[in-house]
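One structure below.
Number of protein chains: 2
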Amino acid sequence: MRFMTSLKFIDVVAREGSIRKAADKLAITSTALNRRILQIEDEIGQPLFERLPGGVRLNTAGEIFVQHIRLQFADLARVQSQIADLSGIRRGHVRIASGADALRRLLPETIATYRASHPAVSFDLVRCYGDESESRLFSLDADIALIFAPIRAAHVHVAATLRQQIHCVMPADHRLAAREQIRLRDLAGEKLVLPTAQSGVRQLLDTGLLRRNVETDVILESDSFEFMQNFLHFEPSLFFQIPIAIGAGGDGPANDFDPRLVARPIHPDDVPAGTLHICHLKGRVLPVAAAKFLDDIITTLRDSYHQDVDQ
Amino acid sequence: MRFMTSLKFIDVVAREGSIRKAADKLAITSTALNRRILQIEDEIGQPLFERLPGGVRLNTAGEIFVQHIRLQFADLARVQSQIADLSGIRRGHVRIASGADALRRLLPETIATYRASHPAVSFDLVRCYGDESESRLFSLDADIALIFAPIRAAHVHVAATLRQQIHCVMPADHRLAAREQIRLRDLAGEKLVLPTAQSGVRQLLDTGLLRRNVETDVILESDSFEFMQNFLHFEPSLFFQIPIAIGAGGDGPANDFDPRLVARPIHPDDVPAGTLHICHLKGRVLPVAAAKFLDDIITTLRDSYHQDVDQ
DNA sequence: GCAAAGCGCTGCAAAAATTGCACTGCTTGC
DNA sequence: GCAAGCAGTGCAATTTTTGCAGCGCTTTGC
Chain L
1 MRFMTSLKFI DVVAREGSIR KAADKLAITS TALNRRILQI EDEIGQPLFE
51 RLPGGVRLNT AGEIFVQHIR LQFADLARVQ SQIADLSGIR RGHVRIASGA
101 DALRRLLPET IATYRASHPA VSFDLVRCYG DESESRLFSL DADIALIFAP
151 IRAAHVHVAA TLRQQIHCVM PADHRLAARE QIRLRDLAGE KLVLPTAQSG
201 VRQLLDTGLL RRNVETDVIL ESDSFEFMQN FLHFEPSLFF QIPIAIGAGG
251 DGPANDFDPR LVARPIHPDD VPAGTLHICH LKGRVLPVAA AKFLDDIITT
301 LRDSYHQDVD Q
Chain D
1001 MRFMTSLKFI DVVAREGSIR KAADKLAITS TALNRRILQI EDEIGQPLFE
1051 RLPGGVRLNT AGEIFVQHIR LQFADLARVQ SQIADLSGIR RGHVRIASGA
1101 DALRRLLPET IATYRASHPA VSFDLVRCYG DESESRLFSL DADIALIFAP
1151 IRAAHVHVAA TLRQQIHCVM PADHRLAARE QIRLRDLAGE KLVLPTAQSG
1201 VRQLLDTGLL RRNVETDVIL ESDSFEFMQN FLHFEPSLFF QIPIAIGAGG
1251 DGPANDFDPR LVARPIHPDD VPAGTLHICH LKGRVLPVAA AKFLDDIITT
1301 LRDSYHQDVD Q
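So the sequence lines, in the order shown, correspond to chains L and D. Reminder that position 152 of the first sequence reads as 152 in the numbering used here, one-by-one numbering, no gaps. Add 1000 to a position in the second sequence, counting from 1, and you land on the number used in the numbering used here.
This is the structure in structure tokens:
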């Protein structure tokens, strides 16, 4: 897209924070890039960047303009996929930002199903915590975000929510495995494996544990659910998940939760249920492929996971 | 805006329906323009125009793309005015499409009041009928439309509505001037001066007259309310207006309705009240100036005209 | 029925722009 | 106080865009 290059250049400079670095990335000389930026600033009538000793940074006008640029790119992509649709090709690209919770089963399954009927649609999946997911929506680097945490920013539109009770995962022969529900006081003295502090699961757990003053033994902290689950086979301990991450509740053939492990819900009086938010940027027209995929996620949750989905 | 020229060119070609005509308008050669269009079609991967013997016409892909282009231009204008706002200049431009009804008092008064506090904001006013107003919103040639007629297109967002009973305007010494309300049967044999068939007032009147089979004498048809009002001084006859067009109801000093004429409402059982719609394009973020002006119109109607405004 | 006019499109040379190189002035970090 | 890294500038090379002349085509008018 020749007519978008100057705009793309500005976007990259804004991201890199330096004209020279951006020029490197764009495979042109810094002088050419510099002049393009000066020219556009001239056309706008105001500088878009502050010149700092170590590079450049967007000023307020630049922030506004770059946001406009990113929206243009996203909208152009939408228009292109819409035009491609006309010739029956049905191609497109969907960019998702998701917490680790949805990576075990929900997203792999939904994406595979979607691609079965639309093989020309490609996907981008970035695993990140709630705050980054939100900012990815805002910078239009993601079309859809799955966030298991409270939503902070006003620019996020929540298309659907799903209540999830935190479960305690343990070896099948653990003394707590006999219980139907776990109380927090049961965890006293137990060895815990916890997700990092940024995780929504951890935040919910922490408030419960702090309030009740339960003395626990946190032996491991990780941002990888897979690692934590594997760890349990080597040192008996407890870790925590939400149902969609466990894969329980799904009725497909691939309920792949490890048979040597069991999951028991924590009593809702101790730790309240959290909310999985399925979101996109407020006021944005999603590309056809992304809009359709968003529908698919919600349908999958309702039909296959038998979960109450609020829309 | 150098980086928008190619897009502007496509927009103009689409409007002109011919590359050569568009090239004339843009003050370049048709060959240069032609090649720019071929290049963009190449980048899009599909033709945007059908080549006809007498010129070119947008195909479906082109329709989608041109709509995108126009939105970009409108959004760029919004961004620019937002950036200008930062430096405290508060400039901007508001484009209005309105029926003749709002031209007597509502728009002059509201625009003047607005400009008193924002002297750097300029206005564009195009007088047109409902259908054209709607298409102007769609082609982003207008930010705001005032339409006294039913809304047809789905892409129009109605920000506020105002019920308006049609009034019959006549010389003060007319035999009907004594009545508080006019019935359609009173009009039998009267000489009528009517707005053109495209006008909302005319459409409402026609359905009433047809249903009741009233025999009338239409001596004049015009699209100019001013002309029709002046005509009444030379040949006693009846013409029709809605309150905001008469200027009645306003409590400002400029109730400029001609003292030699009087207006009497038509009985609502004969001709139902019509609706004035104040609209903008659905899903569009209006430029700051336009958004503020839209608020002002609604406030003026509510406060100064004491009209019930539905939002 | 045939010429004239109008249309989109192409080869080629001129004009205009963008780019890269060498270099300046500036600040920061060691 | 000197090297390194930054944005910006003059100038020549390069790439892109433009204009001219002309082609093939269809419609219009006599």
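Ideal placement from N, C-alpha and C gives every residue a C-beta, glycine not left out.
Shown here, residue 234/L sits in coil according to DSSP, grouped into three states, outside any helix or strand. At a cut-off of 9 Å, the C-beta of residue 29/L has no neighbouring C-beta in chain D.
As far as DSSP is concerned, residue 223/L takes part in no beta bridge.
Residues of the same chain with a CB within less than 6 Å of the CB of residue 1136/D, apart from the 5 flanking positions on each side, are 1097 and 1142 in chain order. For the C-beta of residue 60/L, the chain D residues within less than 9 Å are, from N- to C-terminus, 1083 and 1086.
Taking a C-beta cut-off of 8 Å against chain D, none of the residues of the segment 143-160 of chain L qualify. At a Cβ-Cβ threshold of 9 Å, residue 1198/D and residue 1274/D do not count as neighbours. Taking a beta-carbon distance threshold of 9 Å, residue 12/L does not count as an interface residue toward chain D. The closest CA to that of residue 1259/D, considering only 1059/D, 1170/D and 1090/D, is found on 1170/D.
Taking C-beta atoms as the reference points, residue 61/L and residue 1033/D fail to come closer than 9 Å. The CB of residue 1280/D never comes closer than 9 Å to any CB in chain L; the least such distance is about 14 Å. Counting along the chain, residue 1068/D sits inside no beta strand (DSSP E); it lies in the alpha helix (DSSP H) bounded by residues 1060-1086. DSSP, read as helix, strand or coil, puts residue 1103/D in helix.
Contact between residue 1280/D and residue 1157/D holds: CB atoms are separated by about 6 Å, below the 8 Å threshold. Under the Cβ criterion (8 Å, minimum of three pairs), the segment 1060-1076 of chain D counts as touching the segment 1004-1015 of chain D. For residue 1043/D, a Cβ of chain L is located within less than 9 Å of the residue's own Cβ.
In the structure shown, the three-state DSSP call for residue 9/L is helix. Residue 274/L: member of the beta strand (DSSP E) spanning 274-281, first to last residue.
Rounded to the nearest whole angstrom, the CA to CA distance from residue 1116/D to residue 8/L is 40 Å. With a threshold of 9 Å between beta carbons, residue 40/L makes contact with chain D.
Straight through space, the alpha carbons of residue 133/L and residue 113/L are spaced by roughly 24 Å. Taking 9 Å as the CB threshold, residue 277/L stays off the interface with chain D. In the DSSP annotation of this structure, the continuous segment of the alpha helix (DSSP H) that includes residue 1246/D starts and ends at 1243-1246. Each of 121/L, 119/L, 55/L and 146/L was checked against the Cα of residue 13/L, and the nearest Cα belongs to 55/L. Annotation for residue 1049/D: the continuous beta strand (DSSP E) segment containing it runs 1049-1052.
Counted as a single uninterrupted DSSP element, the alpha helix (DSSP H) harbouring residue 288/L occupies residues 288-303. Rounded to whole angstroms, the Cβ separation of residue 1200/D and residue 1130/D is 6 Å, and the two are in contact under 8 Å.
Taken through DSSP and simplified to helix, strand or coil, residue 1149/D comes out as coil. Annotation note: the segment 1132-1218 of chain D contains the following uninterrupted alpha helix (DSSP H) runs of length 4 or greater, listed N- to C-terminal: 1200-1212. Residue pairing from DSSP places residue 1092/D in a beta bridge opposite 1121/D.
Per the coordinates, the alpha-carbon of residue 122/L lies some 15 Å from the alpha-carbon of residue 82/L.
Spanning the alpha carbons of residue 1179/D and residue 1088/D requires a straight line of approximately 55 Å. Partner residues in the beta bridge of residue 265/L, as assigned by DSSP, are 167/L.
Under the three-pair Cβ rule at 8 Å, the segment 289-304 of chain L counts as touching the segment 95-111 of chain L.
Here residue 1227/D is exposed, its C-beta having fewer than 16 other C-beta atoms within 10 Å. In the DSSP assignment, residue 28/L falls outside any alpha helix (DSSP H), carrying neither H nor E.
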